[in-house]
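In what follows, a single structure is set out as structure tokens and then discussed.
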Amino acid sequence: MTGISALGIDVGSATVKVVGVDDAGALCWDALEPAQARAEVQIARMVEDARRACDTLGGGKVALIATGCGRGLVHQAVREVTEITCHARGVFREVGHGGTLVDVGGQDSKVIAIDPGGAVTDFAMNDKCAAGTGRFLENAARHLGVPLESLGRVALEAREEVRISSTCTVFAESEIVSLLAHGVAVEPIVRGIHRALILRLVAMIRSVGLVAPLMLSGGVVCNPAISDLLAAETGQKVVLPRHPQLMGAYGAALIALEAR
Amino acid sequence: MNPAAGLAYACNARVLGPAALRAARLYAERQARGGAGRSPHLAPPLRIAPRCKEMVARHWLEGRHAQGVRKVAWVTSGAPVEFLTALGFYLLYPENHAAICGTARVAVDLATAAEEAGYSRDLCSYVRTDLGSLFSGRTPVGRLPRPDLLLACTNICQTVLFWYRVLAEHFGVPLVIVDTPFVYGEEAPPHALQYVGTQIDEAVAVAEKVAGRALSAQSFERVATRSRRATELWLEILQRNRHMPAPISAFDQFVLMAPIVELRGQAATVDLYAAMLREVDERIRRGMASVREEKYRVLWDNLPIWYRLRAVAELLAERRIAVVASTYTNAWGELAPYLDPARPRESMIRAYTYPILNRGTGHKLHIMQGMIDDYHLDGVILHSDRSCKPYSLGQMDQRERLSGSLKRPALLLEADHNDMRCYADEQAATRLAAFAEMLEAQR
Numbered sequence: 019m020t021g022i023s024a025l026g027i028d029v030g031s032a033t034v035k036v037v038g039v040d041d042a043g044a045l046c047w048d049a050l051e052p053a054q055a056r057a058e059v060q061i062a063r064m065v066e067d068a069r070r071a072c073d074t075l076g077g078g079k080v081a082l083i084a085t086g087c088g089r090g091l092v093h094q095a096v097r098e099v100t101e102i103t104c105h106a107r108g109v110f111r112e113v114g115h116g117g118t119l120v121d122v123g124g125q126d127s128k129v130i131a132i133d134p135g136g137a138v139t140d141f142a143m144n145d146k147c148a149a150g151t152g153r154f155l156e157n158a159a160r161h162l163g164v165p166l167e168s169l170g171r172v173a174l175e176a177r178e179e180v181r182i183s184s185t186c187t188v189f190a191e192s193e194i195v196s197l198l199a200h201g202v203a204v205e206p207i208v209r210g211i212h213r214a215l216i217l218r219l220v221a222m223i224r225s226v227g228l229v230a231p232l233m234l235s236g237g238v239v240c241n242p243a244i245s246d247l248l249a250a251e252t253g254q255k256v257v258l259p260r261h262p263q264l265m266g267a268y269g270a271a272l273i274a275l276e277a278r
Numbered sequence: 010m011n012p013a014a015g016l017a018y019a020c021n022a023r024v025l026g027p028a029a030l031r032a033a034r035l036y037a038e039r040q041a042r043g044g045a046g047r048s049p050h051l052a053p054p055l056r057i058a059p060r061c062k063e064m065v066a067r068h069w070l071e072g073r074h075a076q077g078v079r080k081v082a083w084v085t086s087g088a089p090v091e092f093l094t095a096l097g098f099y100l101l102y103p104e105n106h107a108a109i110c111g112t113a114r115v116a117v118d119l120a121t122a123a124e125e126a127g128y129s130r131d132l133c134s135y136v137r138t139d140l141g142s143l144f145s146g147r148t149p150v151g152r153l154p155r156p157d158l159l160l161a162c163t164n165i166c167q168t169v170l171f172w173y174r175v176l177a178e179h180f181g182v183p184l185v186i187v188d189t190p191f192v193y194g195e196e197a198p199p200h201a202l203q204y205v206g207t208q209i210d211e212a213v214a215v216a217e218k219v220a221g222r223a224l225s226a227q228s229f230e231r232v233a234t235r236s237r238r239a240t241e242l243w244l245e246i247l248q249r250n251r252h253m254p255a256p257i258s259a260f261d262q263f264v265l266m267a268p269i270v271e272l273r274g275q276a277a278t279v280d281l282y283a284a285m286l287r288e289v290d291e292r293i294r295r296g297m298a299s300v301r302e303e304k305y306r307v308l309w310d311n312l313p314i315w316y317r318l319r320a321v322a323e324l325l326a327e328r329r330i331a332v333v334a335s336t337y338t339n340a341w342g343e344l345a346p347y348l349d350p351a352r353p354r355e356s357m358i359r360a361y362t363y364p365i366l367n368r369g370t371g372h373k374l375h376i377m378q379g380m381i382d383d384y385h386l387d388g389v390i391l392h393s394d395r396s397c398k399p400y401s402l403g404q405m406d407q408r409e410r411l412s413g414s415l416k417r418p419a420l421l422l423e424a425d426h427n428d429m430r431c432y433a434d435e436q437a438a439t440r441l442a443a444f445a446e447m448l449e450a451q452r
């Protein structure tokens, strides 16, 4: 294993990720934890772990760049960079081309247009609403009694689909409760909530303008139904990086590496 | 005139109040000279800013005591007002009052009062702020005079039709509507201009009846001359920002524009903007920039976010972004070429039919394209204003064109000009920061 030359931390609403990169910019160390209420304590501990890894692996005191909605809490960082730039940088390095990146996070989703040189040319984010984000699926999973990790599989195996008309997370919950009360089976509802989320993402993709290839990142990508349904809805092949959940932190580490 | 009201007006609005405001201005000027409240990234406000503030404060103070002394007209921001000024009306702009409430951060409380009375949150936040003020009696300007006349012109939006009907019913006073047909092409058809002209004539007749005197051609021309001169000066001030670095920011303009909206037919307004232009020229000579380390220059589209003016200005300036132009402040400068003091009636018809909001989204795009070239702009911030639908309509397409063929990063920033409940600080900060990073990457 090579030494760590730069670090990136992505403090998201659902998880905190730390990534170390080597001199060549390859991802060589990472850590991921669910976000805790006492964020600063957690961040300090994770950064300390990363520093220890630097000592163990070689690298010593390396630069750290912070991203994500909690980036302002990372006092150890030399700079803050938005998750838009960081995700674009991480994914571009990973897949080696531009296109349209859809990042589906725990609390927000974003669509980022990346030019062939890797620069962000446009972006859109969901606004003041959890629809189209991981939280939307989490809430639905809880109401439906389906474990979050099985949600994608259940959606893909469903033979039928019901329409969830509410794009609002809170109203969608009421709709789910109402459908269950009317005796609708769980599987078609699960597929329906995935469709609702995908349609929300597609609307954002359209607002930026789809330039192929379509790429996906973010924790929600661990759900296999997201990429399958997005591909079906857009008619585009969806490219997935190897570590979709780490792309923000990876991009931050790459920027830290360049800034050395 | 009510003698008691007349005495109170003379004492408070003409002697004591102005003296207090003058003292406040002198204090503000002294504070500014001492460097109080200076930002590390922004230039200090113009030296003339306290004088502008004093002038606006005097106007509202006068309004507080105007009832029973002067005839009062409540008017929309785009209304043809030169004949009202010539007839001696005190003009009150509810939109400006709402903006004052917005900057004073009392708009949500007032809007809530309107919502409790049954007005939907989907209505413009200016409307809700003002109706809430009316229903609750609360206002940061002390007291609003009761109108004798209402004048609503549809050249800014259709909401004013319903807003002013509510006011007419509430106060039981005459409402004059000047309906300006939407201009789809380059020129309004002759019948549309004739239609507007007929309504202005009718408005003049009603205003004369309320004022109890006839409109003097000489006064009308004098007011039109001042209006023209003030708007010319305002446009010149804005155009000085073609200089790099820009001497004043659009955020300064948002504050300094109050007199061009509500006092534009007055001699003092002409003097104020003439002095302002001199100071702006002095800044250019001295190489003084509104954003100390100006690197990127951007355009602001739509109304400002009144309750976050300073925060957004600071956030952008920190990243060396100067907002040097705005379609909103430009809208009052655009009036200048149309106003012809020799033909006040005819020129008013054109001036008030052609505002940016009474024309197509393609026209606004054309204006923005011209500003990008003239002001050497690197990007555009499109404030998608939840309250101002006519201004926000078309911004998605405009953004696509700006970032596509013109290769200028364009950010759609969702907010509301007065309703803080529609604004999230953290989310807006992330969007603005990402926009700044886009500008940096494209340099």
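The listed protein sequences derive, respectively, from chains H and W.
Using my numbering, the first residue of the first sequence is number 19, and each one after it goes up by one.
Using my numbering, the first residue of the second sequence is number 10, and each one after it goes up by one.
We put the beta carbon where it would ideally sit given N, CA and C, even for glycine.
Is the beta carbon of residue i sitting closer than 8 angstroms to the one on residue j?
i        : j        : result
H/Glu72  : W/Glu435 : The sequence given here has Cys at residue 72 of chain H, not Glu. Contact: no.
W/Arg222 : W/Leu70  : no
W/Ala277 : W/Met64  : yes
H/Ala158 : H/Ile194 : yes
H/Ala53  : H/Gly152 : no
W/Leu158 : W/Val182 : yes
W/Asp387 : W/Leu324 : no
W/Gln404 : W/Asp310 : yes
W/His50  : W/Ala326 : yes
H/Ala219 : H/Leu248 : The sequence shown places Leu at residue 219 of chain H, not Ala. Yes, the pair counts as a contact, with Cβ atoms nearer than the cut-off.
W/Leu391 : W/Leu420 : yes
W/His106 : W/Asp139 : yes
W/Leu411 : W/Met377 : yes
W/Ala318 : W/Phe229 : First, the residue type needs correcting, since residue 318 of chain W is Leu and not Ala in the sequence shown. Their beta carbons are not under 8 angstroms apart, which means W/Leu318 does not touch W/Phe229 by this criterion.
Quick one: list the residues of chain W neighbouring residue i, beta-carbon separation under 8 angstroms, in chain order.
i        : result
H/Ala230 : The premise fails here: H/Ala230 is roughly 17 angstroms from chain W at the closest Cβ pair, so nothing lies under 8 angstroms.
H/Thr100 : Thr439, Ala442, Ala443, Glu446
Any Cβ of chain H within less than 8 angstroms of the Cβ of residue i?
i        : result
W/Ala443 : yes
W/Glu409 : yes
W/Ser412 : yes
W/Gln404 : no
Tell me the rounded alpha-carbon separation between residue i and residue j.
i        : j        : result
W/Ala197 : W/Thr362 : 8 angstroms
W/Val176 : W/Phe144 : The sequence shown places Leu at residue 176 of chain W, rather than the Val named in the question. The straight-line gap from Cα to Cα measures roughly 11 angstroms.
W/Glu195 : W/Ile365 : 12 angstroms
H/Glu5   : H/Cys240 : There is simply no residue 5 of chain H to check, as chain H begins at 19 and stops at 278 in what is shown.
H/Ile244 : W/Leu265 : 51 angstroms
H/Val39  : H/Tyr268 : 8 angstroms
H/Val138 : H/Ala106 : 7 angstroms
W/Leu308 : W/Thr189 : 28 angstroms
W/Ser48  : W/Lys398 : 34 angstroms
W/Gly313 : W/His426 : The residue asked about is misnamed: residue 313 of chain W is Pro in this sequence, not Gly. Near 6 angstroms, if we compare the C-alpha coordinates of W/His426 and W/Pro313.
W/Ala1   : W/Leu202 : As shown, chain W starts at 10 and ends at 452. That puts residue 1 of chain W outside it, with no answer to give.
W/Ala331 : H/Gly163 : 52 angstroms
So is residue i in contact with chain W if we call contact Cβ pairs under 8 angstroms?
i        : result
H/Met143 : yes
H/Ile227 : It is Gly, not Ile, that sits at residue 227 of chain H in the sequence shown. Yes, contact with chain W.
H/Val138 : yes
H/Cys240 : no
H/Thr74  : no
H/Thr103 : yes
Going along chain H in order, which residues have a C-beta closer than 7 angstroms to the C-beta of residue i?
i        : result
W/Met377 : Going along chain H, no residue has its Cβ under 7 angstroms from W/Met377, so there is no contact; the nearest lies around 17 angstroms.
Applying a beta-carbon distance threshold of less than 9 angstroms, which residues of chain W neighbour residue i?
i       : result
H/Cys87 : Glu435, Gln436, Thr439
At a CB-CB cut-off below 8 angstroms, which residues of chain H make contact with residue i?
i        : result
W/Ala450 : Thr103, Ala137, Val138
Start-end ranges of the alpha helix (DSSP H) lying completely within the stretch 118–148 of chain W, minimum 4 residues: Here the runs fully enclosed are 134–145.
Unbroken stretches of the alpha helix (DSSP H), 4 residues or longer, contained in the stretch 378–440 of chain W: 398–401, 404–412
Continuous beta strand (DSSP E) assignments of at least 3 residues falling wholly in the stretch 170–238 of chain W: 184–187
Inside the stretch 30–115 of chain W only - beta strand (DSSP E) runs reaching at least 3 residues: 81–84, 99–101
Every unbroken alpha helix (DSSP H) within the stretch 154–196 of chain H, with a cutoff of 4 residues, ordered by chain: 169–175
Residue ranges of each alpha helix (DSSP H) within the stretch 26–104 of chain H, 4 or longer: 57–75
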